[in-house]
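Numbering (the working numbering), first residue to last: 25 to 704. Each residue gets a CB set at the ideal place from its N, CA and C atoms; glycine is no exception. Everything numeric in this text was worked out from a predicted model, so none of it was measured. Have a look at the structure below before the remarks.
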Amino acid sequence: MSVPVQHPMYIDGQFVTWRGDAWIDVVNPATEAVISRIPDGQAEDARKAIDAAERAQPEWEALPAIERASWLRKISAGIRERASEISALIVEEGGKIQQLAEVEVAFTADYIDYMAEWARRYEGEIIQSDRPGENILLFKRALGVTTGILPWNFPFFLIARKMAPALLTGNTIVIKPSEFTPNNAIAFAKIVDEIGLPRGVFNLVLGRGETVGQELAGNPKVAMVSMTGSVSAGEKIMATAAKNITKVCLELGGKAPEESPENKTGIVRCDLIDCANNFKEITTMPARSLCQNFLNNILAPLHLYRQKSLIDATNAVINGASLTLTSIGRHLTGTASVKNKIKRVDRLLGNRHLQNEVSTIFQRITQKITRGMSRVVILIDWSAYHASRFQLLRASLACDGRSLPLMSCVVPSSQTANADVHERFLESLAECFSPGTDVIVITDAGFQGRWFQQLRSRGWTYICRVLGNHYYNVGNGWEKVSDSGTKASTTAIYLGEGLLGRDKNAQHEGHFYLYKSKPKGRRFKRSKERATRPSVTAKARTAGKSPWFIFTNSTEFSPKQVMKLYSRRMQIEQNFRDEKNPRWGFGLRFGASHSSGRVTVLSLIATLASIIMWLSGFSLENKGIHHKYQANTVKHRRVISLLKLAENVIRHSPLILNTLSLDAGLKVLQQRYTNMIMVY
């Protein structure tokens with residue numbers, strides 16, 4: 025029979041072997057086997073840890089906040105490297121299922137990274153004095169030595185919950201884990217030791233609450249004690265700390281009793297209570313964590329409250345809200361009343377500061393997604409918003425399947441296809457790409473005139489369709505584009521180099537290609553209840569049968585490649601459907617906002633939600649999870665879209681999202697992009 029491992033304490037930057045005789049057995053709650061032993065520490069051990077923390081605190085506080093944050097990031101990286109080992113410890117000593125243990129470990133690393141971001145956010149304050157020409161500077165100082173006393177139910181996460189804010193703000197800490205679940209805390213201390221965190225900044229003492237815990241609360245050198253646990257234990261901590269007027273932060277149980285009027289037996293259905301209390305938070309928290317982690321840097325220029333509200337609104341849409349004020353409000357998490365949640369969304373949509381910052385956010389989105397790409401294929405198109413009162417000009421990144429929305433601009437319908445609007449939009453887009461990036465722009469026939477010159481002047485390649493009464497000349501005299509159908513075939517052909525447009529002041533040089541797809545054999549079908557629109561149907565039928573007459577300034581691609589690239593233009597139409605359609609998308613069509621500023625913010629929320637869901641689906645597909653959500657066993661092609669895959673995972677297995685890193689998924693996309701988009 026193997027002897028259970030005997031754990032040391034971690035004090036003053038080193039593991040300290042226990043010299044006493046008293047040990048506490050750590051028992052597996054499922055098998056009742058002793059899996060390890062920890063010291064039955066005494067008050068003297070706690071005092072040594074507090075003294076070490078006191079010695080280390082001034083030097084730690086003197087470090088710049090950003091340097092303290094870098095140590096936190098090293099800890100989170102170490103947690104991710106040992107995630108499987110730590111989750112196994114939590115399962116063994118705490119009795120959790122594997123999935124919840126993995127979620128706790130992943131969330132702990134994410135939380136530490138989140139707190140590290142606050143290094144640049146927590147600020148002082150300048151207060152105007154009563155005397156003229158004088159201001160009062162208020163800045164924050166660390167408290168000093170802090171202590172954390174932990175329960176057994178979320179043992180690993182609560183280490184970070186108490187340690188990360190303390191260390192970031194210049195404090196040092198002494199942690200006492202529950203004697204029932206100390207093994208994961210030992211693993212945490214090993215990570216701290218391996219990264220070389222300065223001595224005394226983090227200390228771990230082991231023992232019982234009535235001895236070690238009381239010293240951590242009652243020692244006069246302790247500036248604040250933070251404790252999570254039972255009400256009775258909290259009362260003892262409060263009484264002990266009161267002798268020194270020590271700051272106390274308590275999170276105690278017993279706050280949410282449940283009573284079922286249908287249960288007359290006196291038997292408490294803990295499983296039902298657990299589901300009722302936690303189901304919504306469990307299903308929405310992983311998606312919000314993804315939003316928080318991915319959007320942190322993108323939204324960094326915003327005020328903290330606008331950041332939080334925008335992330336909450338995006339999370340609401342991801343979890344099923346329509347793109348309307350009331351729907352987003354009703355899907356917000358939290359304890360506020362629904363009325364107040366709706367008012368919160370109303371303030372967000374109408375916030376003038378946010379409306380002015382939208383263009384900057386779009387640029388930061390574009391920069392983050394296209395960073396490191398040597399070639400980008402950009403789809404640009406107009407779309408009517410809110411019964412054509414507004415028009416949206418959008419740029420999306422062509423990908424495999426759905427395109428990724430990057431940048432949008434909402435204008436009144438009177439400015440549709442306005443050359444000045446195009447110029448400002450392209451200028452904003454151009455600022456996002458690194459020098460030397462090969463930009464290919466694909467548009468439909470609605471972009472003519474100065475558009476080609478605007479793209480050419482930036483050194484970009486354009487692939488555009490031409491329709492109607494335009495004339496072209498490839499050396500055989502002027503011909504009408506609409507008369508070129510007789511030359512079209514199911515094989516793409518190169519017509520030659522020439523001029524587009526008879527007007528010498530508006531002529532453009534380029535290359536012409538022609539292609540007519542094979543008939544798809546589709547028949548128009550409608551239900552008896554659906555109203556007919558003969559003119560709309562006839563127009564769509566004619567457009568569908570028209571050949572593709574393509575104009576481009578590039579000679580790099582073969583006719584087949586040109587047509588394949590242009591065929592990706594429909595991806596942006598899918599973007600518009602995802603955003604506006606109430607059945608297949610986010611339902612912006614039902615929005616009743618009457619100002620361009622509010623519509624712009626709704627468009628931003630839709631863009632953020634689409635990107636989060638696209639990258640989630642992409643990451644899930646790379647893990648092979650998509651096969652579990654298909655209605656068949658097809659494996660040679662994609663059966664469900666990336667957005668639909670993400671939607672199904674959020675609905676059925678939201679905890680899987682905690683295993684994803686959207687930044688890692690984006691990095692894979694950036695590495696694969698050229699090969700992905702240039703497949704013919």
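- Its chain contains L174, P175, L182, E275 as the residues whose beta carbon lies nearer than 7 Å to that of T252, once the 5 sequence neighbours on both sides are disregarded; these appear in chain order.
- Contact check between the stretch 76-91 and the stretch 190-198: three or more CB pairs, one atom from each, fall below 8 Å, which counts as touching.
- By the Cβ-count criterion, G609 is buried, with 16 or more other Cβ atoms from all chains shown falling within 10 Å of its own Cβ.
- When secondary structure is reduced to three states using DSSP, N605 falls in the coil class, being assigned neither helix nor strand.
- Taking a C-beta distance under 8 Å as the contact criterion, G65 and I215 do not qualify as a contact pair.
- Distance from the CA atom of H651 to the CA atom of C423, rounded to whole angstroms, is 21 Å.
- Distance between P543 and K569, taken at the CA atoms: about 8 Å.
- By a beta-carbon distance limit of 8 Å, G231 contacts K200. Their separation comes to about 7 Å.
- For S351, same chain residues with a beta-carbon under 6 Å away, outside a window of 5 residues either side, are A345 in chain order.
- Taking a contact as a CB-CB distance under 8 Å, the pair V498 and G520 counts as one, their CB atoms being some 4 Å apart.
- The beta carbon of L356 is closer than 6 Å to those of D336, A340, K365 in its chain, skipping five residues each way along the sequence.
- The DSSP assignment places 443-454, 474-480 as complete runs of the alpha helix (DSSP H) inside the stretch 424-500, in order along the chain (cut-off: 4 residues).
- According to the DSSP assignment, S407 belongs to the beta strand (DSSP E) that extends over 399-409.
- Restricting attention to T683, Q695, D687, L693, the CA atom closest to the CA of A130 is found in T683.
- Burial state of R155 is exposed, judged by a 10 Å Cβ sphere holding fewer than 16 other Cβ atoms.
- One thing to note: L373 has its Cβ no nearer than 8 Å to the Cβ of L403.
- Counting only runs of 4+ residues, the alpha helix (DSSP H) found wholly inside the stretch 25-103 occupies 67-86, in chain order.
- With respect to the C-alpha of L666, the residue from I151, D405, T55, S427 having the closest C-alpha is S427.
- Here L538 is near A512, since their CB atoms are less than 8 Å apart.
- Taking a C-beta distance under 8 Å as the contact criterion, L416 and V434 qualify as a contact pair.
- Apart from the 5 residues on each side of it in sequence, A211 sits with its Cβ closer than 7 Å to the Cβ of R106, E109, I110, L113 in its chain, given in chain order.
- Taking C-beta atoms as the reference points, G44 and P32 fail to come closer than 8 Å.
- In this structure, A247 is the residue among D462, F204, A247 with its C-alpha nearest to the C-alpha of T170.
- The three-state secondary structure of G118, taken from DSSP, is helix.
- T579 carries a coil assignment under DSSP once its states are collapsed to helix, strand and coil.
- Around the Cβ of C273, a 10 Å sphere holds fewer than 16 other Cβ atoms; the residue is exposed.
- Here Q379 is not near T631, since their CB atoms are 8 Å or more apart.
- The alpha-carbon separation between I701 and V401 amounts to approximately 8 Å.
- For Q598, DSSP records no beta bridge to any residue.
- L626 places its beta carbon less than 8 Å from that of L612.
- Each residue's CA atom was taken as its position, placing K363 and R371 some 13 Å apart.
- Annotation for F536: the continuous beta strand (DSSP E) segment containing it runs 532-539.
- A443 sits exposed, since fewer than 16 C-beta atoms from the chains shown fall within 10 Å of its C-beta.
- In the DSSP assignment, F642 falls within the alpha helix (DSSP H) that extends over 620-646.
- Annotation: the continuous alpha helix (DSSP H) that includes R371 extends over 362-373.
- Taking the Cα positions, G621 is about 14 Å away from F386.
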